Amino acid sequence: MGNIFEKLVKSLLGKKEMRILILGLDTAGKMTILYKLKLGETVPTIPTVGFHMETVEYKNITFTVDVGSHFKMRPLWRHIFQNTK
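So the sequence shown is numbered by this note's numbering: it starts at 115 and just counts up by one.
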């Protein structure tokens with residue numbers, strides 16, 4: 115019930131939530147893009163093992179961003195990233 119109320123309030127206030135999956139080759143800059151969106155600046159990163167999830171708020175949109183490309187994780191994508199656009 116609380117989930118329905120939360121969705122109603124967000125729809126009335128115009129706030130949107132999205133899930134985004136960023137895919138790319140290893141060390142291609144996926145985390146750099148994520149932190150540029152989140153912090154507005156480029157920060158040093160280390161290679162991601164597995165997947166990494168962050169929430170980014172931009173204007174009236176909340177993005178849940180999953181960054182994952184490690185080859186061992188690929189068979190799990192269809193389970194982990196359901197309903198991701």
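Every residue, glycine too, gets a C-beta built ideally from N, C-alpha and C. This one's a predicted model, so the numbers in the text were calculated from it and none came from an experiment.
Partner residues in a beta bridge of H193, as assigned by DSSP, do not exist. Residue nearest to L135 within the set E155, P161, L148 is L148 (criterion: CA-CA distance). The alpha-carbon of K129 is positioned some 17 Å away from that of V179. Counted as a single uninterrupted DSSP element, the beta strand (DSSP E) harbouring K130 occupies residues 130 to 136. In the DSSP annotation of this structure, the continuous segment of the alpha helix (DSSP H) that includes K150 starts and ends at 144 to 153.
Here M145 is buried, its C-beta having at least 16 other C-beta atoms within 10 Å. Spanning the alpha carbons of G143 and K173 requires a straight line of approximately 24 Å.
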